[in-house]
Amino acid sequence: MQETSVCRICDGEVTEFIDFGKQPLADRFVAPGSSAPEMFYRLAVGSCSTCTMVQLLEEVPRESMFHEEYPYHSSGSSRMREHFAATAQRFIDTELTGPDPFIVELGSNDGIMLGTVAKAGIRHLGVEPSGGVADLAAAHGVRVRKDFFEESTAADVRATDGPADVIFAANTLSHIPYMDSVLRGVTTLLAPNGVFVFEDPYFADIVRKTSFDQIYDEHFYFFTARSIQEMAARNGLELVDVERLPVHGGEVRYTLARAGARQPTPAVADLLAEEKSVQLTERHTLEGFQRSVLKTRDDLVKLLRELRDSGKVVAGYGATAKSATVLNYCGIDSDLISYVSDSTPAKQGRVTPGTHIPVVSPEAFADDYPDYAVLFAWNHAEEILAKEEAFQKAGGRWIRYVPEVHLA
Ligand code: SAH
Ligand code: TMP
Ligand code: ZN
């Protein structure tokens, strides 16, 4: 049944196009033997017929997702450390060149981006509600406010620190359902010629790669240039640049300025035209995506059952939040995948949400290689395949499911 809801951007009508059913919180790794009941919610996605924004139909309370023990540490990937060091350097060289520049980051996590800014001695502030990761950033010399960014936070920061030349958010804006409050906050805090820059998974890449595992509780929105342009225009802002990024399976970095303050680059019109020509948010495209998701699910379950029946040991690699959707939607538990390797200490020794597969360290993975490993952290493939060369040399095979199920 296709349900509808009210668009969080424009109050238009959102019509569902895919339903993953009841799902657990994707980053809630369960302590073994824990008797506390897991929280489930309904994971379904729709698109708005007015502003085209793709969004979840049900919102999970923010404190249930982002809290003291939020386990995702951004600095766990060397490639992402390089990416954010380069991002920071670019801001330092281009936007933060005035007499006393100021940059604010939403969702600064463990300080992966602001660490470089802090080292350069530039005035900055990270706004980060998850206490554990905020403490890690602070330990590296980053100034952090443990808080959710919203209108009242922005007003406070503006009163204390003055206007921001850059407001930045990576893999965070798409996590925030209450966008109206955030955008009012941005317009309060942003300097007259400042920029609001954010990068998030690009919906066109999700459709192209059938990477449906990008869909889980924390990812509330799936941005396109068109939907961001509409969103900006409704809030006195303007989309002035877009840049495609290869990280996390394909993202777009959007730059917003106050309406009329900056000349849009040709890249904006180009990406808008491309989205129009591929009919990105048209019904038949969304229905095609849904069919591809079903095929991936069927192919993956079939392969894992065949391997189990022939006595092979299959592990997972990367206890990603993304993997929660794959495992729970496909009904894959420890019967099909014996354990999942992950480098994050806070995930090790726990079991995956909903499906209760044990999470082990990469050392334990290397101690006794499985026959096959499903690459759940596929967005870090280059880094992981290089790191785990010995697994393949020992005869191990990778199972990939993006863009379709295949052995590598
Ligand atoms: N920027 C990092 C972290 C992304 S994870 C990176 O790209 O790797 C998303 C982060 O957003 C989490 O650390 C979470 O605690 C934070 N977050 C969630 N809601 C937020 C809000 N309203 N304001 C600021 N940060 C928020
Ligand atoms: P992400 O895809 O959301 O960034 O999550 C990646 C997960 O994979 C995170 O839990 C850390 C883990 N990981 C490893 O176990 N080994 C690695 O080499 C990398 C890059 C990530
Ligand atoms: Zn809308």
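Numbering (this note's numbering), first residue to last: -4 to 403.
Note that the Cβ used here is the ideal one computed from N, Cα and C, for glycine as well.
Distance cut-off 7 Å: residue i Cβ against heavy atoms of ligand 3
i: C2; result: yes
i: D45; result: The question names Asp, but residue 45 in the sequence shown is Thr. True, at least one ligand heavy atom lies under 7 Å from that Cβ.
i: G7; result: yes
i: M48; result: yes
6 Å Cβ shell around residue i - same chain, five flanking residues per side excluded
i: M226; result: I4
i: Q242; result: Note on residue identity: the sequence assigns Val, not Gln, to residue 242. Excluding sequence neighbours, V242 sits near H78.
i: T260; result: D236
i: A256; result: N188
i: R23; result: P348
7 Å Cβ shell around residue i - same chain, five flanking residues per side excluded
i: S176; result: E145 and E146
i: A403; result: W393 and R395
i: T276; result: S42, T47, V49 and T219
i: V308; result: S333, P365 and D366
i: P56; result: none
i: Y173; result: E145
i: I223; result: L234 and Y249
i: R76; result: S70 and I107
CA nearest to the CA of residue i, picked from the options
i: K114; options: R138, G326, I352 and E100; result: R138
i: H135; options: D151, S103 and P124; result: S103
i: Q258; options: K307, T111 and E233; result: E233
i: F86; options: I13, V112, E63 and D105; result: V112
i: D142; options: C46, A133 and G121; result: G121
i: E123; options: M60, M75, R221 and A361; result: M60
i: V161; options: V369, L91, Q(-3) and S287; result: L91
i: Y367; options: H243, T320 and G390; result: G390
i: Y406; options: S169, S206 and V309; result: A query on residue 406 cannot be resolved here, the shown segment of the chain reaching from -4 to 403 and no further.
i: E254; options: D95, V202, R345 and T182; result: Looking at the sequence shown, residue 254 is not Glu but Ala. If we check each option's Cα against that of A254, T182 comes out closest.
i: A186; options: I210, P172, E11 and V152; result: V152
i: D363; options: H351, F215 and A385; result: A385
i: S29; options: V346, V369 and H401; result: V346
i: Q387; options: P353, L370 and V397; result: L370
i: V400; options: E11, F198, L299 and D6; result: L299
i: S356; options: V335, H375 and W373; result: V335
i: P196; options: G126, P261, R239 and R118; result: R239
i: L131; options: A159, G157, L38 and E64; result: E64
i: V9; options: V128, L178 and Y216; result: Y216
i: G349; options: P27, G106, Q274 and H68; result: P27
i: A40; options: T320, V25 and H68; result: The question names Ala, yet the displayed sequence has Val at residue 40. Nearest of T320, V25 and H68 to V40, Cα basis: T320.
i: M34; options: D212, G157, D105 and L266; result: D212
i: F360; options: D337, H351 and G126; result: D337
i: D330; options: G127, I98, K317 and R303; result: R303
i: V1; options: T45, R37 and P19; result: T45
Per DSSP, the bridge partner or partners of residue i
i: A164; result: L101 and F193
i: V55; result: None; V55 has no bridge partner.
i: K297; result: Looking at the DSSP assignment, K297 forms no beta bridge with any residue, so it has no partner.
i: H135; result: Paired residue(s): none; H135 is not in a bridge.
i: G41; result: E11 and Q50
i: T(-1); result: T10
i: G121; result: E100 and V139
i: H401; result: R395
i: G311; result: V335 and V369
i: V288; result: The partner list for V288 (beta bridge, DSSP) is empty, contrary to what the question assumes.
i: Q18; result: Y36
i: P240; result: Pro is not the amino acid found at residue 240; the sequence shown has Leu there. Answer is E246, bridged to L240.
i: F459; result: Residue 459 falls outside the range modelled here, since the chain spans only -4 to 403, and no answer is possible.
i: R253; result: L232
Cβ-heavy atom distance, residue i to ligand 2, below 7 Å
i: K307; result: no
i: I87; result: no
i: H170; result: no
i: P357; result: yes
i: H214; result: no
i: T339; result: yes
Near ligand 1: residue i beta-carbon under 7 Å from a heavy atom
i: E145; result: yes
i: N104; result: yes
i: T167; result: yes
i: M34; result: no
i: V128; result: yes
i: F371; result: no
i: S69; result: yes
i: S125; result: yes
i: F193; result: no
i: M57; result: First, the residue type needs correcting, since residue 57 is Arg and not Met in the sequence shown. It does: the Cβ of R57 is within 7 Å (strictly closer) of some heavy atom of ligand 1.
i: F218; result: no
i: I107; result: yes
i: M226; result: no
Residues near residue i by beta carbon distance below 8 Å, same chain, minus five either side
i: G244; result: P196, D200, I201, K204, S206, Q209, W373, N374 and V397
i: R221; result: T47, L267, E270, K271, L275 and T276
Touch test, the region 309 to 316 against the region 372 to 381, Cβ-Cβ under 8 Å, three pairs minimum | In this structure the region 309 to 316 touches the region 372 to 381; the number of beta carbon pairs closer than 8 Å is three or more.
Is the region 14 to 24 touching the region 319 to 329 in the sense that three or more CB pairs, one from each, lie closer than 8 Å?
-> The region 319 to 329 makes contact with the region 14 to 24; the number of CB pairs closer than 8 Å reaches 3 or more.
Can we say the region 42 to 52 touches the region 74 to 89, given the rule of at least three CB pairs closer than 8 Å?
-> No, they do not touch.
Check whether the region 275 to 283 touches the region 333 to 346, taking contact to mean three or more Cβ pairs, one atom from each stretch, closer than 8 Å.
-> Segments in contact, no.
Does the region 151 to 165 come close enough to the region 190 to 205 that 3 or more CB-CB pairs lie under 8 Å?
-> Yes: the two stretches touch, three or more of their Cβ pairs being nearer than 8 Å.
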